[in-house]
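Numbering (this note's numbering), first residue to last: -7 to 694. Worksheet: the structure to be examined is printed underneath.
Encoded structure:
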């Protein structure tokens, strides 16, 4: 009996996962396998011992088969006690029966209301959902009264455990129902201005948009009440034991325990999101954003090479203006005027002597990069003076939008989610010459494509808005879509959601591997990268052992070649490098020799850096290894009984896998991680999965 509606989350789309012989794209995280349900205790009474009779010379002799000593189960004792109550309880037993039946019937009725409410919420019929949930609350309250009337029977051993579970289940159900009523109220308030089910985003009137955004700006207050209700529900359900429950009760409890954290996380993220949405989309004041398209097949620190930029102006949720242009049309006219020294890696490995906006995303912290990009935009005479923020995305977002909108045709070419990367890449790198298009205009197709996708997106029917929201959140979580706002309050909320691409500040262990493609064409699309990280004890210190494996599955051709990358490993400030291998002074075919990692420090983000250059020939693998001691701050944390690791994903990547091992010889109490723990013993923890989002691991030591 499920007392909470199933929380529908769009399953991450399955994409091809590249091994050393196939291409890689975004992939869903490994699903946790639920443990098999424990067998229900057999309550069948043991068979009675039967006396065996044997006749011997007319003398009757009875021979008994020896019986094994059996312990009466707790459940059997409870059944006997209940039998005594039934026999001697008189009218009391009738009261127990009627209240027991009431408890059962009211719980079933509440379950039915939840099912109807779930359907209504899915179809965005918020008023109907609220009515069903209010009814569910009443049925649960009636069930609670029936439970209270069961009196002293609730304190009978074993029976008391069942009733305690029932009471906590009812309390949790009540609070969940109350929370969902609040969610329904928020949904109804926001969408009450929209009367038709056939409405699309594009045909919502300016007046309706303004009314919706006004309601959104009010909604966080209600959602905080919802969050407090869910907190009570969580506490109540945590009191329910995992074992020893009757099968129907266990069946009713498990789904709620599994779904409640998802609901809680949705609300937790919804609050800051709804707080920032009005301001981001231009309510009450118009907002102007610098737009960046970062090509992650040519990876750069915050997502990819900036090949296209644009201006996006929003007012009350309406797109007032959106235009894009080739980045070289902004950079090239300044070649004779702008002389800014580029980062050393550009000078050393690709011979650059100047620095322009296209290469401005050198720092992996997106807020820092966003400020640098805007600085270059103004230095290169960008026409808009007032910029309120920067929004960047990779082609993965366009890919996902095409999955929602369907194929789009531009200049006779059909673009789909399957052929987008290849066809667009050919068009702007090779095809434009054959068509007689100028170099300055070769990326106009991107603007045309973006315009049509935007138009399709704004005309999605109401029943697909949830899919659009899910798609946006996935790309924000996976850092294919980044937001930076110059408004401090908005930026703080975006950062709280982890959608600003900032490098996270932590007191514990930290690891972020950042690659910058230097003249390796679009080779990142055929690269596989593995991050193997292990923590061990070395005397009275703790050593980190890091192995980075790069496999190039491409060939030397039009779009792919040897992989040339400048790799930076960001670690806790004060980490002490012991030894390294794998870095090169240059490409091997140019006479590059092995060299140790360079050690640096970034005071802007309080991190130490180990960095260097590598080159990976097609169909080969290169390996970088590093050994370093963790700083005193992490040592102290471990000595205090806790190890924390924040493993941060580089924006724009989707073909990186990690393998983490923690084994310092100390006893492990418990591990908290976003992924399934593959192995956990008394003193060892092992995790392995795709690095599709940031990962946080907390290990409690005994």
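Glycine residues also receive a C-beta, built at the ideal position from the N, C-alpha and C atoms.
- One alpha carbon belongs to residue 288, the other to residue 519, and they sit about 12 angstroms apart.
- Contact annotation: residue 125 and residue 169 have beta-carbon atoms nearer than 7 angstroms.
- Between residue 656 and the set 528, 313 and 456, the nearest pair of CA atoms involves 528.
- Residue pairing for residue 571: DSSP places it in a beta bridge opposite 619.
- The alpha carbon of residue 594 has as its nearest neighbour, out of 570, 572, 581 and 566, the alpha carbon of 566.
- Nearest to residue 205 by alpha-carbon distance, out of 635, 308, 639 and 348, is 308.
- Rounded to whole angstroms, the separation of the alpha carbons of residue 180 and residue 369 is 42 angstroms.
- With a cutoff of 7 angstroms on beta-carbon distance, residue 692 and residue 646 are scored as not near each other.
- Residue pairing of residue 627 in beta bridges, as defined by DSSP: absent, with no partner found.
- By the Cβ test, the stretch 623 to 642 is not in contact with the stretch 387 to 404, since fewer than three Cβ pairs between them sit closer than 8 angstroms.
- In the structure shown, residue 453 adopts extended strand secondary structure according to DSSP, grouped into three states.
- With distances taken between CA atoms, residue 332 lies nearest to 364 out of 304, 316 and 364.
- Shown here, residue 262 sits in a helix according to DSSP, grouped into three states.
- From the listed residues 455, 314, 335 and 320, the smallest Cα separation to residue 444 is found for 314.
- Secondary structure of residue 141 (DSSP, three-state): coil.
- Sequence-distant Cβ neighbours of residue 497 in its own chain, meaning closer than 8 angstroms and more than five residues away, are 597 and 598.
- Linking residue 361 to residue 355 through their CA atoms gives a straight-line distance of about 6 angstroms.
- Sequence-distant Cβ neighbours of residue 218 in its own chain, meaning closer than 7 angstroms and more than five residues away, are 171, 174, 175 and 259.
- As computed with DSSP, residue 401 is found in a beta bridge with 406.
- With fewer than 16 other Cβ atoms from the protein chains shown falling within 10 Å of its own Cβ, residue 422 counts as exposed.
- Contact annotation, residue 264 with residue 485: C-beta distance approximately 4 angstroms; criterion of less than 8 angstroms satisfied.
- Contact annotation: the stretch 561 to 578 does not touch the stretch 436 to 454, with fewer than three C-beta pairs closer than 8 angstroms.
- Its Cα nearest to that of residue 320, the residue 420 stands out among 458, 420 and 335.
- The three-state secondary structure of residue 317, taken from DSSP, is strand.
- In the structure shown, residue 134 falls within a helical segment according to DSSP collapsed to helix, strand and coil.
- For residue 275, the secondary structure class from DSSP, reduced to helix, strand or coil, is coil.
- With contacts defined by Cβ atoms closer than 7 angstroms, residue 271 and residue 559 do not form a contacting pair.
- The C-alpha of residue 466 lies about 10 angstroms from the C-alpha of residue 460.
- The residues 575, 576, 577 and 604, in chain order, have a CB closer than 7 angstroms to that of residue 587 in the same chain once the five nearest residues on each side in sequence are set aside.
- Going by DSSP, residue 564 is part of the beta strand (DSSP E) stretching over 555 to 564.
- When secondary structure is reduced to three states using DSSP, residue 472 falls in the coil class, being assigned neither helix nor strand.
- Remark: three or more beta-carbon pairs, one from each stretch, lie closer than 8 angstroms, so the stretch 327 to 341 and the stretch 497 to 511 are flagged as touching.
- In the displayed model, residue 232 falls within coil according to three-state DSSP, outside both helix and strand.
- For residue 525, the enclosing beta strand (DSSP E) has its first and last residue at 519 to 530.
- Residue 357 is classed as buried because its beta carbon has at least 16 other beta carbons within 10 Å across all chains shown.
- Between the alpha carbons of residue 301 and residue 118 lies a gap of roughly 40 angstroms.
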